[in-house]
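Peer 1:
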Amino acid sequence: MRLSPLNLKILLNLFLVYVSWGSTYIGFKFTLEVLGPFLACGSRMFLAGLLLCAAIGCTGRWQRPTRADWRHACWLAVFMVLMASGFLGKGQEYISSGVAAVVTGSTPISMLVAAWLFGGEQRPSAMQWLGLAGGLCGLVLLGVSQNASGTGQTSPAGMFWVFGATLGWVTGSLLTRRFPLPTRLSALQSCGLLLLVGGLETLLLGFACGEAAMTRWENLRFEVALAFAWMVIGGSINAYSSYFWLLTHVSIATAVSYEYVVPVIGIFLGWWLGGETITGRIVLACCLTVGSVFFVLWHKHNK
1 MRLSPLNLKI
11 LLNLFLVYVS
21 WGSTYIGFKF
31 TLEVLGPFLA
41 CGSRMFLAGL
51 LLCAAIGCTG
61 RWQRPTRADW
71 RHACWLAVFM
81 VLMASGFLGK
91 GQEYISSGVA
101 AVVTGSTPIS
111 MLVAAWLFGG
121 EQRPSAMQWL
131 GLAGGLCGLV
141 LLGVSQNASG
151 TGQTSPAGMF
161 WVFGATLGWV
171 TGSLLTRRFP
181 LPTRLSALQS
191 CGLLLLVGGL
201 ETLLLGFACG
211 EAAMTRWENL
221 RFEVALAFAW
231 MVIGGSINAY
241 SSYFWLLTHV
251 SIATAVSYEY
261 VVPVIGIFLG
271 WWLGGETITG
281 RIVLACCLTV
291 GSVFFVLWHK
301 HNK
């Protein structure tokens with residue numbers, strides 16, 4: 001079957017989101033050796049927004065943002081950057097990446113139900129519920145496998161921060177769809193403003209929390225610098241711009257399907273680059289998790 005240009009673009013943006021955010025787990029692991037979670041997130045986002053806005057300006061496509069554009073970026077960044085990324089990084093100080101993946105893996109279910117109840121979307125189909133349940137089971141198995149191998153731990157504080165990150169992402173995504181801002185700005189420039197403002201907000205929170213005094217510059221090495229650079233380019237510019245494009249072109253279920261693939265990629269990269277252990281149970285969980293995406297996407301492409 002020949003795919004249309006739109007479907008090819010959808011697949012490309014899904015791939016970019018999967019790989020870019022899947023690699024942020026190992027990127028955060030290295031970066032947190034030097035910076036606190038809010039400073040790591042804030043500096044990464046601010047630099048990404050600065051680079052994206054500069055690139056748009058160099059191409060002559062820059063439009064002067066209005067006050068409404070800046071207000072929109074300021075409040076949306078609280079949910080989509082400060083909470084969604086900053087809170088997740090803070091949570092990973094207390095819980096393992098496997099446990100964090102289980103918690104954030106509930107995002108598609110929360111998103112799908114919230115979009116149905118508050119976003120005006122159709123009731124989830126039986127096939128979608130099957131895929132969502134299968135994906136959640138796979139993520140639970142990943143978390144259990146991490147704990148069984150001695151690499152995971154639980155903490156009420158960590159769970160609180162990661163649940164807060166999930167709440168921020170769901171809220172921001174639904175508000176983006178329900179209250180789009182009429183603007184002359186391109187999607188890329190709007191994304192650049194969001195990253196710029198969100199990075200600044202998160203940096204200010206990091207300084208307010210005293211993270212500057214806890215910076216460990218003696219741990220800075222080439223691998224850490226490379227991981228941070230990739231988080232700026234891949235985890236911020238690529239991932240956010242692709243995700244916001246998907247929000248306006250596909251269903252909520254399709255846009256958030258990355259939540260099932262990202263932990264799988266994260267665990268694989270943790271084994272490959274971080275020396276973490278992969279067991280047979282983890283491999284089984286990965287297969288279940290990736291397979292569930294088929295059911296989540298099935299309704300979209302067959303209705």
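In UniProt numbering, the protein residues as written are 1 to 303.
Glycine residues also receive a C-beta, built at the ideal position from the N, C-alpha and C atoms.
Since the structure is predicted, the reported quantities are computational estimates derived from the model, not experimental observations.
Locate the alpha helix (DSSP H) running through Y240, then write down its first and last residues.
Peer 2: A239 to L247
Peer 1: Fully enclosed by the UniProt domain "EamA" (158 to 297), which beta strand (DSSP E) runs are 3 residues long or longer?
Peer 2: Correct list: empty.
Peer 1: In the DSSP assignment, find the unbroken alpha helix (DSSP H) run with L88 in it and report its ends.
Peer 2: L88 -> alpha helix (DSSP H) spans L88 to G91.
Peer 1: Is P108 closer than 8 angstroms to V256 when the C-beta atoms are compared?
Peer 2: yes
Peer 1: For A227 versus I26, is the C-beta distance shorter than 8 angstroms?
Peer 2: yes
Peer 1: Taking the C-alpha atoms as reference points, what is the distance between F268 and S190?
Peer 2: 33 angstroms
Peer 1: If you reduce the DSSP assignment to three classes, tell me which class I109 lands in.
Peer 2: Helix.
Peer 1: If you follow the alpha helix (DSSP H) that P5 is part of, which residue opens it and which one closes it?
Peer 2: P5 to G22
Peer 1: Out of S241, R184, L203 and R281, which has the shortest C-alpha to C-alpha gap to T66?
Peer 2: Closest by alpha carbon: R184.
Peer 1: Counting along the chain, where does the alpha helix (DSSP H) carrying R67 start and finish?
Peer 2: Note, R67: alpha helix (DSSP H), R67 to A77.
Peer 1: Could you have a look at G120 and say whether DSSP puts it in helix, strand or coil?
Peer 2: Coil at G120, not helix or strand.
Peer 1: Can you give me the Cβ contacts of G164 inside the same chain, cut-off strictly under 7 angstroms, excluding the 5 residues immediately before and after it?
Peer 2: M83 and F87
Peer 1: On the DSSP letters alone, give me the boundaries of the alpha helix (DSSP H) that L50 sits inside.
Peer 2: Looking at the DSSP string, the run of the alpha helix (DSSP H) that includes L50 is P37 to C58.
Peer 1: Might you give, ordered along the chain, the residues of its own chain that have their beta carbon closer than 7 angstroms to the beta carbon of R123, omitting 5 neighbours on each side?
Peer 2: W116
Peer 1: Restricting to Cα atoms, I'd like to know which of L175, P156 and W129 is closest to F244.
Peer 2: L175
Peer 1: Please report the distance separating the alpha-carbon of L211 from that of P37.
Peer 2: According to the sequence provided, residue 211 is Glu. The question's Leu does not apply to it. Roughly 8 angstroms separates the two Cα atoms.
Peer 1: Excluding the 5 residues flanking A187 on each side, which residues of the same chain have their C-beta closer than 8 angstroms to its C-beta?
Peer 2: S241, F244, W245 and T248
Peer 1: Tell me the DSSP secondary structure of L130 in three-state form.
Peer 2: When DSSP states are grouped into helix, strand and coil, L130 belongs to the helix group.
Peer 1: Which whole-angstrom value describes the C-beta separation of M45 and T202, a residue pair presumed to lie in contact below a C-beta threshold of 8 angstroms?
Peer 2: M45 to T202, Cβ: 6 angstroms. Contact.
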